[in-house]
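Quick note: full-length UniProt numbering has the sequence shown finishing at residue 305, numbered continuously throughout.
Just so it is clear, CB atoms sit at the ideal spot from N, CA and C, and this is done for glycine as well.
Just so you know, these numbers come straight off a predicted model, no measurement behind them.
To start, the structure under review is shown below, and the notes come after it.
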Amino acid sequence: MSLQSYLSGVNLTEFPAVGPQFIKDVGMPPSQKPGKLHTGEQGGWRAHANIWSKTLRQKLPPILIVESDATWDINIRKIMPHLNNHFRKFLRKINSTKLHSPAWPAEAVFRNESTRASDDDPWLSRHWDILSFGPCHETDENNDIKLIYNDPFVPLGKDYQGRALKHERVIRRSGGITCTTAYAVSQTGAVKLLLRTAVNLDMPVDMVMQEMIVSGDLISYSVMPPIMAQWQYVEGIGMEERGATSNINRAGMFSGLFPLFMRKKAWENVKASGSVWTTKTYHEDVAFDEMSLQGARKRVFRTGN
């Protein structure tokens with residue numbers, strides 16, 4: 001995360017993960033399905049909920065939550081303002097109005113219905129609960145509520161609902177996301193998520209979001225191709241056996257798949273590229289012009305590769 005942040009000019013504030021040692025059953029919310037969530041999923045919820053809670057207690061503007069295994073395009077500081085401009089156009093196109101706020105005093109806070117951005121709220125956060133910048137999957141629900149715009153940092157080769165994208169990105173009404181790699185949450189989104197999971201913590205965070213989006217309880221928008229994704233180590237360099245990838249329970253299989261000569265080839269590729277990172281395969285729509293981790297060596301050492 002430090003490499004990416006430094007090279008791409010992104011400032012992050014770290015929030016601690018919640019490990020198994022901090023998870024006590026007596027301190028967890030009620031669940032209609034006791035035992036369904038394993039300790040890691042409970043810790044994941046607690047870590048996200050800590051940020052939602054801080055958003056409400058301190059009346060914070062929208063917070064972009066980026067998980068520790070996230071990666072992004074090196075050009076993100078150019079990509080995001082461009083997205084912001086078109087996102088505001090998209091909200092005007094669909095005649096978006098501000099969401100109901102349960103906060104006190106709601107009347108004073110939500111008097112103006114304008115979709116014009118202000119300096120203190122450039123993303124018009126009173127119009128949405130969640131903005132997903134890094135879903136690994138999205139359902140087809142609401143896929144016709146969209147805006148397609150030019151983005152020179154999207155490589156060719158992607159399509160949206162059968163339409164080939166030519167250096168274009170899609171802003172859409174979310175149909176239900178999978179993965180919480182990178183998402184912005186507003187105050188209304190934070191209070192809805194806190195209430196839902198405080199009443200019944202019966203599924204992982206992303207599945208809670210998906211259910212609430214599909215039901216209409218969460219107003220969510222997303223982008224395709226996603227601007228952020230999850231990274232993993234390239235196969236064949238021994239990290240699978242060490243449990244450092246999502247295939248932690250399949251180390252034996254990977255050991256068999258990568259005999260000595262294949263492992264040698266994998267390390268030759270690493271030495272040639274200077275990178276041990278790639279995006280996870282289930283982030284099916286990823287299209288980076290330059291993944292920040294993969295391009296680190298040429299930028300640090302000014303090499304040609």
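Considering only their Cβ atoms, is the gap separating S222 from R172 smaller than 9 Å? yes
Below 9 Å between beta carbons: does that hold for G43 and A17? yes
Just the Cα atoms here: how many angstroms apart are R250 and V214? Confidence at R250 is low in this model, with a pLDDT of 45, below 50, so its placement is unreliable and the value that follows should be read with caution. Answer to the nearest angstrom: the Cα atoms are 33 Å apart.
Three-state secondary structure (DSSP) of S220: strand
For a test of the three-state rule: what should DSSP assign to I237, helix, strand or coil? coil
Using the C-alpha atoms, what's the distance from K93 back to P259? 55 Å
Using CA coordinates, which residue listed in D206, L193, Q294 is at the minimum distance from P29? L193
Using the rule of at least 16 other Cβ atoms within 10 Å of the residue's Cβ for burial, across every protein chain shown, is F133 buried or exposed? buried
Looking at H137: is its Cβ nearer than 9 Å to the Cβ of Y233? no
Spatial distance of S174 from S53 (CA atoms): 24 Å
Identify whether Q4 lies in helix, strand or coil by the three-state DSSP scheme. helix
Classification of T279 by the beta-carbon crowding that lies within 10 angstroms, buried from 16 upward: buried
For V170 and D151, the rounded distance between their alpha carbons: 9 Å
Decide if the segment 153–160 is in contact with the segment 186–202; the criterion is three or more beta carbon pairs, one per stretch, under 8 Å apart. no
Proximal residues to residue 393 (C-beta, below 8 Å), its chain only, five neighbours per side dropped: Beyond the ends of the chain as shown, which are 1 and 305, falls residue 393; an answer cannot be given.
Three-state secondary structure (DSSP) at M206? The amino acid occupying residue 206 in the given sequence is Asp; Met does not appear at that position. D206: helix per DSSP, three-state reduction.
Can we say the segment 64–78 touches the segment 176–185, given the rule of at least three CB pairs closer than 8 Å? yes
Measuring straight from C-alpha to C-alpha, what distance separates K24 and Q230? 28 Å
Residues that Q232 bridges to, as DSSP identifies them: T278
Helix, strand or coil for N249, going by three-state DSSP, please let me know. Reliability fails at N249, whose pLDDT of 40 lies under 50, so the model's placement of it is uncertain and the value that follows must be treated cautiously. Helix, per DSSP.
Along the chain, which unbroken stretches of the beta strand (DSSP E) at least 3 residues long are found entirely within the segment 15–101? 63–66, 70–72
Any idea which residues DSSP pairs I177 with across the strands? E138
Between which two residues does the beta strand (DSSP E) carrying S273 extend? S273 -> not in any beta strand (DSSP E); alpha helix (DSSP H) instead, spanning 260–273.
Which same chain residues, not among the five before or five after P135, have their C-beta less than 7 Å away from its C-beta? I177, T178, C179, S222, P226
Taking just the CA atoms, how far does A103 sit from D73? 36 Å
Any idea what DSSP makes of K158, helix, strand or coil? coil
For a test of the three-state rule: what should DSSP assign to K298, helix, strand or coil? helix
State the Cα-Cα distance for the pair T188 and V205, rounded to the nearest angstrom. 17 Å
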